[in-house]
Every structure is written in C-alpha cells, then in structure tokens.
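These protein sequences, in sequence, are chains A and B.
Per this note's numbering, residue 52 is the first one in the first sequence, and the count goes up by one each step.
Per this note's numbering, residue 52 is the first one in the second sequence, and the count goes up by one each step.
Heads up, the beta-carbon is just placed ideally off N, CA and C, and yes, glycines get one too.
Protein chains: 2
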Amino acid sequence: MTMQEDKALDAFGALSQETRLRMVRALVQAGPEGLAAGAVGEAVGASSSAASFHLSHLERAGLVQSRREARSIIYSARYSTLSALVEFLMHDCCQGHPEICTPAIQSLSACCATADARSASAPVIEG
Amino acid sequence: MTMQEDKALDAFGALSQETRLRMVRALVQAGPEGLAAGAVGEAVGASSSAASFHLSHLERAGLVQSRREARSIIYSARYSTLSALVEFLMHDCCQGHPEICTPAIQSLSACCATADARSASAPVIEG
DNA sequence: CGTTCATTTCAATAAACGTTGAGATATTGA
DNA sequence: TCAATATCTCAACGTTTATTGAAATGAACG
Numbered sequence: 052m053t054m055q056e057d058k059a060l061d062a063f064g065a066l067s068q069e070t071r072l073r074m075v076r077a078l079v080q081a082g083p084e085g086l087a088a089g090a091v092g093e094a095v096g097a098s099s100s101a102a103s104f105h106l107s108h109l110e111r112a113g114l115v116q117s118r119r120e121a122r123s124i125i126y127s128a129r130y131s132t133l134s135a136l137v138e139f140l141m142h143d144c145c146q147g148h149p150e151i152c153t154p155a156i157q158s159l160s161a162c163c164a165t166a167d168a169r170s171a172s173a174p175v176i177e178g
Numbered sequence: 052m053t054m055q056e057d058k059a060l061d062a063f064g065a066l067s068q069e070t071r072l073r074m075v076r077a078l079v080q081a082g083p084e085g086l087a088a089g090a091v092g093e094a095v096g097a098s099s100s101a102a103s104f105h106l107s108h109l110e111r112a113g114l115v116q117s118r119r120e121a122r123s124i125i126y127s128a129r130y131s132t133l134s135a136l137v138e139f140l141m142h143d144c145c146q147g148h149p150e151i152c153t154p155a156i157q158s159l160s161a162c163c164a165t166a167d168a169r170s171a172s173a174p175v176i177e178g
C-alpha cells in the first residue's frame with residue numbers, strides 16, 4: 052500500500068510542471084472515463100506534440116493510464132497513485148497531535164460531499 | 052482555502068527532489084516542534100550547504116517554516132500547505148463516483164488512527 | 001489498398017536545476 | 001573582544017528538462 056520513495060519522486064516531478072499538473076487535474080475531474088489525448092492537450096493549451104510528451108511522462112510516473120478506443124488514445128487518472136502519494140507524504144504525520152492532519156482529511160472529504168449525498172446508497176454506473 | 056496553481060507548482064517542484072522530499076517527510080514526522088537545520092541535513096544525508104539551500108527552497112515554497120532558537124534555526128512542516136496541496140490536486144475528483152476518492156481519505160485517516168485513539172478526549176501537550 | 005486522422009518520435013536549441021567548496025553572517029560563551 | 005558553532009550566500013560547473021517543428025507510426029474507413 053505504501054509507495055516507494057523513487058516512485059513518489061517520479062510522481063512529484065511529473066506534477067511539478069504546469070502543463071502536466073493541469074493535465075492531471077483535468078483528468079481527475081474528468082473521472083474514470085477519461086479524455087482523448089487531443090482533448091487533454093486542448094484543455095490545457097498544449098500542442099499535440101507537447102501533449103503527447105507530457106502524457107507519456109505522466110503515464111511513466113504512474114499518475115495516468117491509457118487505453119486505445121478507435122482512433123483515439125484515452126487517458127484517465129490513476130486515483131490509486133494519487134491516494135498513495137498523499138499517504139506517502141503524510142505518513143506518520145500526527146505524532147500525538149491528530150489535530151494536525153485532520154484539516155487535510157476534511158479538505159479531501161469535502162470534495163466528495165455533494166457526490167456522497169447524491170449517490171449515498173445507489174450504484175453509480177450509468178451513461 | 053483553495054491554493055493557486057502557481058503555488059501548487061512551487062510546492063510540487065519542491066517535493067520533486069530527493070533531498071527535499073526526505074526533508075519534508077522528516078519534518079512532517081517530527082511534528083510541530085520541528086528540527087534544527089543541521090539535524091534535518093543529517094537526517095537526510097545532505098551537506099550543511101545543501102541542507103541550507105534545500106530548506107530555503109522548501110520555505111519559499113511554503114512547505115516549511117523556520118524560527119531561530121539560540122544558535123540554531125528550527126524548521127517545521129507547514130501542515131496547512133500540505134493540506135491545501137492535497138485539496139488542490141483532488142479538487143472535484145468525484146464526478147458522481149465518490150468511491151474513487153474515499154481510498155485517499157482512508158489512507159490519510161489511517162495515519163491518525165493510533166493517535167486518535169490515544170488522545171481522543173485528552174489534551175496532548177506533554178514533554 | 002490508399003487516405004485520413006490521432007498520436008508519437010526525433011533532434012536541436014534553450015532554460016532551469018543541483019552540487020560543490022569557499023567565504024560571509026549571526027549567535028553564544030569564555 | 002575572541003574563538004567556536006550553526007547556518008547561509010555565492011558563483012561556476014555539469015546535468016537534466018522543456019520546447020519546437022518536422023517526420024514517422026498506427027489504426028480506421030471508404
């Protein structure tokens with residue numbers, strides 16, 4: 052479950068570049084269905100060549116994954132890596148002061164609040 | 052509450068370097084009391100010059116803060132920035148699929164589990 | 001089977017980054 | 001004040017990284 056240091060470095064390195072950070076956020080927000088490479092590039096204002104370079108970089112870092120669908124290559128976020136990254140960074144964060152990291156937990160929980168309310172007991176696969 | 056893109060880029064850039072990533076983790080684990088610059092450098096295997104350079108970098112990025120204490124400069128993690136960074140990255144992560152980001156929430160919660168149990172109702176300041 | 005569309009690869013230039021060691025600054029105690 | 005300790009600053013070097021545009025790949029459809 053816990054990530055290795057070198058994987059975390061690759062991931063943070065990948066996230067430390069404007070185009071790639073935007074790409075990851077666009078894909079995080081796009082959900083599991085993902086976006087075609089061209090759409091990602093357009094969403095973040097990158098040339099097709101730059102988009103390909105940065106998406107490959109993100110895939111090598113394990114932050115996104117790709118699948119072919121007809122003519123397009125569809126990229127989507129790897130939420131498990133993002134989650135592992137958070138865990139790696141905050142590992143043993145409390146040291147007897149749980150109030151230190153609960154704000155981080157709440158920030159993350161807040162993002163799910165509306166979705167949770169919408170789909171608390173119903174299956175969500177549709178469309 | 053939400054972080055700006057350029058701040059997030061600075062933070063991820065700071066975390067994308069082995070020495071600095073180790074430093075942040077050492078300081079996260081050290082808790083609010085922090086560690087002297089020399090101790091941080093020693094903990095991560097950096098020369099004093101390199102330690103100073105990287106700690107300054109981390110401070111500029113908002114990930115750590117410093118205070119003087121006698122001859123030493125004590126560095127400590129800025130948990131609020133780490134929390135904001137997580138929020139920035141995962142913003143709008145669910146899109147109707149809350150099961151996507153709950154693992155991340157649980158990862159983060161797990162880190163506080165023992166501390167929570169230990170100090171659920173008692174104040175924690177001691178020695 | 002050849003054309004089109006989407007994406008990737010390549011090579012060159014330019015910019016950013018980390019490391020090093022020497023020297024500067026600031027604090028403490030004799 | 002002087003010496004010792006802790007940390008920071010600076011500049012030069014070598015390495016890594018991003019960008020660009022042109023060319024190549026690879027799948028799909030008539």
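Requested in this report: Could you tell me which chain B residues have their CB closer than 7 Å to the CB of M141(A), listed as they occur along the chain?
Outcome: Within the first sequence, residue 141(A) is the residue found at index 90, counting from 1. Correct list: V79, L133, L159, C162.
Query raised in the report: Which ranges does the beta strand (DSSP E) cover as unbroken runs of at least 3 residues, wholly within the stretch 101-143 of chain B, from first to last along the chain?
Result: Note on the stretch 101-143 of chain B: whole beta strand (DSSP E) runs with a minimum of 3 residues are 115-120, 123-128, in chain order.
Query raised in the report: Counting pairs of beta carbons, one from the stretch 64-80 of chain A and one from the stretch 143-153 of chain B, are three or more of them closer than 8 Å?
Result: Enough Cβ pairs lie closer than 8 Å, so yes.
Query raised in the report: What does E69(A) touch in chain B if you count any residue whose Cβ is under 8 Å from its own?
Result: Here residue 69(A) corresponds to residue number 18 of the first sequence, with the count starting at 1. Chain B residues near E69(A): E56, L60.
Query raised in the report: In this structure, what does DSSP give as the bridge partners for A94(A)?
Result: Along the first sequence, one-based indexing puts residue 94(A) at 43. DSSP lists no partner for A94(A).
Query - Buried or exposed by the 16-neighbour rule on C-beta atoms within 10 Å, applied to R119(B) - result: As a working mapping, residue 119(B) is identified with position 68 in the second sequence. It counts as exposed.
Query raised in the report: With contact counted as at least three CB pairs below 8 Å, one residue from each stretch, are the stretch 62-69 of chain B and the stretch 107-115 of chain B in contact?
Result: yes
Query raised in the report: In or out: S172(B) buried (at least 16 other Cβ within 10 Å) or exposed?
Result: Against the second sequence, residue 172(B) aligns to sequence position 121. The predicted position of S172(B) is uncertain, since its pLDDT is 38 and thus under 50; a value taken from the coordinates is nonetheless stated next. By the neighbour-count definition (other C-beta atoms within 10 Å, threshold 16), S172(B) is an exposed residue.
Requested in this report: Output, in chain order, the set of chain B residues within a Cβ distance shorter than 8 Å of I156(A).
Outcome: Taking the first residue of the first sequence as 1, we reach residue 156(A) at position 105. Near I156(A) (Cβ distances below 8 Å), the residues of chain B are I156, L159, S160, C163.
**Report entry** M74(A) at chain B interface by Cβ criterion, 7 Å
**Finding:** As a first step, residue 74(A) is located in the first sequence; it is residue number 23 there, counting from the start. It does not: the Cβ of M74(A) has no partner Cβ on chain B nearer than 7 Å.
Requested in this report: Kindly list, in the order they appear in chain A, the residues whose Cβ is closer than 7 Å to that of F63(B).
Outcome: Residue numbering aside, residue 63(B) sits at position 12 when the second sequence is read from its first letter. Those are F63, L66, S67, L72, listed as they occur along chain A.
**Report entry** Residue-chain proximity (I124(A), chain B), Cβ-Cβ < 7 Å
**Finding:** One-based indexing of the first sequence puts residue 124(A) at position 73. With 7 Å as the cut-off, I124(A) does not count as an interface residue toward chain B.
Query raised in the report: With 16 as the cutoff for other CB atoms within 10 Å, does G96(A) come out buried or exposed?
Result: Residue 96(A) sits at position 45 when you count from the first residue of the first sequence. Exposed, since its Cβ has fewer than 16 Cβ neighbours within 10 Å.
Query - Neighbour-count burial assignment, S134(B), 16 or more Cβ in a 10 Å radius - result: Translated into the one-based positions of the second sequence, residue 134(B) becomes position 83. With 16 or more other Cβ atoms from the protein chains shown falling within 10 Å of its own Cβ, S134(B) counts as buried.
Query raised in the report: Among R129(A), Y126(A), G92(A), L140(A), which has the Cα closest to the Cα of E69(A)?
Result: Position 18 of the first sequence, counting from 1, holds the residue named residue 69(A). Of the listed residues, the one whose Cα sits closest to E69(A) is G92(A).
Query raised in the report: Assuming S117(A) contacts I125(A) under a Cβ cut-off of 8 Å, what Cβ separation, rounded to an integer in Å, is found between them?
Result: Here the question's residue 117(A) lines up with position 66 in the first sequence. Here the question's residue 125(A) lines up with position 74 in the first sequence. Indeed they touch by this definition, with Cβ atoms about 7 Å apart.
Query raised in the report: So which residues on chain A does V137(B) lean against when the C-beta distance must stay under 7 Å?
Result: Here residue 137(B) refers to the residue found at position 86 of the second sequence. Ordered by position in chain A, the residues that pass the 7 Å Cβ test against V137(B) are V137, A155, S158, L159.
Query raised in the report: How long is the line joining the alpha carbons of S153(A) and E56(A), rounded to whole angstroms?
Result: Residue numbering aside, residue 153(A) sits at position 102 when the first sequence is read from its first letter. Residue numbering aside, residue 56(A) sits at position 5 when the first sequence is read from its first letter. Here residue 153(A) is Thr; the residue named in the question, Ser, does not match the sequence. Straight-line spacing of the CA atoms in T153(A) and E56(A) works out to 24 Å.
Query - Proximity winner among L86(B), L72(B), A121(B), relative to H105(B) (alpha-carbon distances) - result: As a working mapping, residue 105(B) is identified with position 54 in the second sequence. H105(B) has its Cα closest to that of L72(B), out of L86(B), L72(B), A121(B).
**Report entry** Cβ-based neighbour list, H108(A), same chain, cut-off 6 Å, excluding 5 preceding and 5 following
**Finding:** In the first sequence, residue 108(A) corresponds to position 57, counting from 1. The residues are A65.
Report task. Name the two residues that bound the continuous alpha helix (DSSP H) containing M54(B). Result -> Working through the second sequence from its first residue, we reach residue 54(B) at position 3. Looking at the DSSP string, M54(B) is not in any alpha helix (DSSP H), and its letter there is neither H nor E.
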